[in-house]
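Chains as they are written, first to last, in the working numbering: chain A, 1 to 288; chain B, 1001 to 1448. For each residue, glycine too, the CB sits at the ideal point set by N, CA and C. Below is one structure; the comments refer to it alone.
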Amino acid sequence: MTTSSSERGVSLGMPELPAPAYPDDVRARLETDAREIVARYPDSRSALLPLLHLVQSEEGHVTRTGMQFCADVLGLTTAEVTAVATFYTMYRRGPSGDYQVGVCTNTLCAVMGGDAIFESLQEHLGVGNGGTTEDGKVTLEHIECNAACDFAPVVMVNWEFFDNQTPASAKALVDDLRAGRPVTPTRGAPLCTFKETARILAGFPDERDGAVAAGGSAGPASLAGLKLAKGEVSAARVVHPRDGGPHDVGGDVHDPSPTEHLSSHDAPQDTSASDPAHPAGPTAEEGE
Amino acid sequence: MTVAAEIRGSSPEKLLAPVLSAFWDEDESWTLDVYRRHEGYEGLRKALAMAPDDLIAYVKESGLRGRGGAGFPTGMKWQFIPQGDGKPHYLVVNADESEPGTCKDIPLLFANPHSLIEGIVIACYAIRSSHAFIYLRGEVVPVLRRLHEAVREAYAAGFLGENILGSGLDLTLTVHAGAGAYICGEETALLDSLEGRRGQPRLRPPFPAVAGLYACPTVVNNVESIASVPAILNKGKDWFRSMGSEKSPGFTLYSLSGHVAGPGQYEAPLGITLRQLLDMSGGMRPGHRLKFWTPGGSSTPMFTDEHLDVPLDYEGVGAAGSMLGTKALQCFDETTCVVRAVTRWTEFYAHESCGKCTPCREGTYWLVQLLRDIEAGKGQMSDLDKLNDIADNINGKSFCALGDGAASPIFSSLKYFREEYEEHITGRGCPFDPAKSTAWADRTEVKA
C-alpha cells in the first residue's frame, strides 16, 4: 500500500494526483442528495457546509474525493472547498471511530471535573486527544463549550448530550460503546453512528421512530426555575436586594441613530483604532 | 412602577416569570399541539392583522432588546431594512450558541422550538422577507432533530409556505447546521459561513441591514430575541413593559451554572440579582462561598461577591463595569483557581480566533504562552503588566468582538485577583487543588 503525501510529510516534486472519483452508484446517490441540498438555498455555494457533512456521512471523514465531489457539484475549485473544510472543527480530516467521544474542557466543565474525566478516559482507552481505539470504535477528543453548562461536566458522543458525568460514568460509557451495548444519552435520541449523525447534519431528518421525542421535553436543570415559579419545590430562601443600582424609572430609551449603531454590538466604534483622532484601521485606508 | 413591585416580591412566584419556559415540563412540549394549547401562533394572527410598518413600530415600542449579548433594540434592527428597494430581504436567526457559559438557546429550542418559528414568521412579515434561515451550531444534534420536525409541522399546518393564514405572506424557512466554529456567532462571520465560506467577520460598513446575506438587506437576530416576539404580540407591549425596567423591559432566561446548589434556567424579569437567584435556588454548594462569576459568558468581565446585588439588566451590569451579555451566570467558589480559569478561556479564544486580524490572532497566542508559564510557576512579575499590555493591544483594536471578549477575563481577573497571579509567581506554582473543585469533590462515594 502506498503512503499518502501527508503521511510522508512534505512532498517534493510531483504534485498530488487528482482525487479518485466515487464509484458511479455512490456518485449517483450522492448527486440526488446534493440536488436536494442545493435547492434549499438561493445561492448554490451556501450548500457547501451541508455538502461537506454529506460527504462525511459517506466515508466517516472528509476525503479528497469528497471535496472534489463538492467542488464539482458547486462549480468551485478544490482549493476553495479545502479552505472551507479545514476551517471548521466538525469536519474530520482522517479516518476515525464510529463514536466520537468529546469531553468538554472549557473552563466551567473543566473545573467541575471535565479535566479529570478527560484524563481518566485517555488513560482508560490508551489514546491521546484525537486518538482512536484499536478496535476503531471510539475517537476521544476534548471539545469546547457545548451550551449545557447547567449540566456540567458534559460529555458528547456523536453530538448527543451525556450530562453530569463523572470519571466512573464516562469510563462505563466508553466500555459500553466498545462492547456494542446500547447507550442512551441523558438528553436526545439513542445513538447512531458518526456517519448517520453527519447525514442529519446535512439536513436530512432522522427517520427513526421516536428519535425526535426521545429524551423528553427538557432536562432537569432546564426546569429548575419553572418548578420554583410554580411552587412545586420550595425556595431555599428569598431575599430582597439592597437598594441601589440604576433602577430609577424615567428617561427615554436610548435611540441610536443608524450611523451610531446600525447593526449590533460589534459596530466599528467598538473595534476601530485606539486613537480616534488618528484612525489606523481599514476605514481610514478605504476612505468614505 | 412595576420594577420595585416585582423585584421586591417575597416569593419565587413573584420573582420569576416563566414565559418561554412556561410549559417545558409538559409532555411533548416541543410539538405544535402543545404549543397551540398554550396560545401558540396567536401572536402571529395579531401581527398579520397589522400593517408591517406598524408591527415594527409596535415591537420597537415594546422595548425588546437583543438577547444575544449586545442589547440592541430588536425593532430598530428591523426598521433599518430599506423598504421598496427591489431586493430580496433575509432574516437569519443566530442559533450558534457557543459563548462559554451560555446555555439558554439550546434548551429553549429543544423544549419549545415553535416559539422561534412563530417569531420568525412575524419578523419576516414585518421586514418583508420571504426566506429565513436558522443557523444552528452543528454540535447539538438533538436540537437539530426537533427543529427539523417543528419546521415540518409548521409547513403542514400552514404557518410556513405560501399565503400563510391567508395573509398573502409566502415564507421559506431553511434550517442550516454549522460545522464547529465559535466565530460564526459573530453576525458577519455567520453570514459568510452561511454563504459557504470560511467564517470570518466582514468589514463594516456596509452593515448587514444594507448588505448582508448575498449582499441583500438582512436582519440577524438571536434565538431568544425572536422567540420573545410572539408573546409580546399576543399579550401586548404593556404587559411586556410591566416587567423589568424602563430601559430594559421584559423577561429573559438566566442560566445559573457552576458551583451552585441549583444550576439551571431561571426565566425572570430583567433586573433580578444574582443574590436573589442564588438564595431561592439554594445558594452555592454547601460549605462553600462565591469567589467570582460572569454575568454573561466568558467575554463579559468577571464579577466577585461584591457584585451580588447588581441588577442583572443592561444598564445595571454596564454601570458595574461589565456587560449583561447572554446572562450566563457561571459561578465559581473559593476552591477555583482564577489563573486556571482565565488560562482556559484564553486557550479557547486563541483556538477560535479566525486569524483574519493580527491583534487577535497574535495577541491571544502570546497571552496563552504567558498564562501557561504563570500557571506552571515559571512566570515573572513583569509578565502581569505584559498580560495587561497585550490585552490592551487586542481590546478595541481587533476586527470583531472576539478580540474584545478575549481581553475581558484578563483585565477583570487582574483587577480583582492580582494577588492570586502574584502567588503563582512567588510560590512557583498553583496553590489550588483542582480535585477540590470538581462536582463530586464533596461526595465521598464517587471519588474518582
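| query | result |
| --- | --- |
| Does the contact criterion of 3 or more C-beta pairs under 8 Å hold for the segment 101 to 117 of chain A versus the segment 148 to 159 of chain A? | yes |
| So is L1160/B buried or exposed if we call it buried at 16+ other beta carbons inside 10 Å? | buried |
| Which residues of chain E have a Cβ atom closer than 9 Å to the Cβ of L52/A, listed in chain order? | In the structure shown, chain E does not exist; the protein chains are A and B. |
| One question on the structure: do F1518/B and P1230/B come within less than 8 Å of each other, judged by their Cβ atoms? | Outside the shown range of chain B (1001 to 1448) lies residue 1518/B, about which nothing can therefore be said. |
| Closer than 8 Å, CB to CB, is R242/A near chain B or not? | Annotation note: pLDDT 46 at R242/A (below 50); position unreliable, no value reported. |
| Hey, E1139/B and G1180/B: beta-carbon distance below 8 Å or not? | yes |
| If we define contact as Cβ-Cβ less than 8 Å, is R187/A a contact residue for chain B? | yes |
| Would N129/A count as contacting chain B if we go by Cβ distances under 8 Å? | no |
| Which residues, in order along the segment 1081 to 1111 of chain B, keep a beta-carbon less than 9 Å from a beta-carbon of chain A? | P1088, Y1090, E1097, S1098, E1099, P1100, G1101, T1102, C1103, K1104, D1105, I1106, P1107, L1108, F1110, A1111 |
| Please tell me whether W1345/B has its Cβ less than 8 Å away from any Cβ of chain A. | yes |
| At a threshold of 7 Å, does Y41/A count as lining the ligand COA (C-beta to nearest heavy atom)? | In terms of ligand content, the structure shown is empty, and the ligand COA therefore cannot be addressed. |
| According to DSSP, what are the bridge partners of H1131/B? | Y1090/B, T1172/B |
| Going by beta-carbon coordinates alone, are H1259/B and F1348/B separated by less than 8 Å? | no |
| Restricting to runs no shorter than 4 residues, where is the alpha helix (DSSP H) found entirely within the segment 53 to 115 of chain A? | 64 to 74, 78 to 85 |
| Can you find a C-beta in chain B that's less than 8 Å from the C-beta of S46/A? | yes |
| Over the uninterrupted beta strand (DSSP E) stretch that includes H1259/B, give me the two end residues. | Counting along the chain, H1259/B falls outside any beta strand (DSSP E), and DSSP gives it neither H nor E. |
| For G1244/B, which residues does DSSP report across the bridge? | P1249/B |
| Confirm, please, whether the CB-CB distance from V62/A to V55/A is below 8 Å. | yes |
| Quick one: Cα of C1124/B to Cα of L1324/B, how far? | 27 Å |
| Let me know the secondary structure DSSP gives K1291/B once reduced to three states. | strand |
| Less than 8 Å separating the beta-carbons of P95/A and G60/A? | yes |
| Within 8 Å of any Cβ in chain B, is that where the Cβ of R35/A sits? | no |
| Please report how far the alpha carbon of V84/A lies from the alpha carbon of R1198/B, in whole angstroms. | 5 Å |
| Please list the terminal residues of the continuous beta strand (DSSP E) segment that includes Q968/B. | Past the edges of chain B, shown from 1001 to 1448, lies residue 968/B, and the structure says nothing about it. |
| At a Cβ threshold of 8 Å, is R199/A touching chain B? | no |
| My output table needs one value for T1343/B: the three-state DSSP class, helix, strand or coil. | helix |
| Can you name the residues of chain B whose CB is closer than 8 Å to the CB of E144/A? | S1098, P1100, Y1182, F1348, H1351, E1352 |
| For a contact meaning CB atoms closer than 8 Å, what does P42/A contact in chain B? | P1088, H1131, Y1214 |
| Taking K1386/B as the reference, which of Q1369/B, G1178/B, A1350/B, A1401/B has the closest Cα? | Q1369/B |
| Express the C-alpha separation of S1245/B and H247/A in angstroms, rounding to a whole number. | Low per-residue confidence applies at H247/A: pLDDT is 39, beneath 50, and the placement is therefore not dependable, though the value from the model is reported in the following sentence. One C-alpha to the other measures close to 7 Å. |
| Hey, quick one: how far does the beta strand (DSSP E) through Q1330/B stretch, first residue to last? | 1328 to 1333 |
| From the DSSP output, which residues share a beta bridge with H1307/B? | Partner(s): none; H1307/B has no beta bridge. |
| Specify, as a first and last residue, the run of the beta strand (DSSP E) that V157/A falls within. | 155 to 157 |
| Does any residue of chain A bring its CB to less than 8 Å from the CB of P1295/B? | no |
| Can you grab the Cα-Cα spacing for the pair T166/A / W1440/B, in whole Å? | 8 Å |
| Determine the contact status of I200/A and V1141/B, defining contact as a CB-CB distance below 8 Å. | yes |
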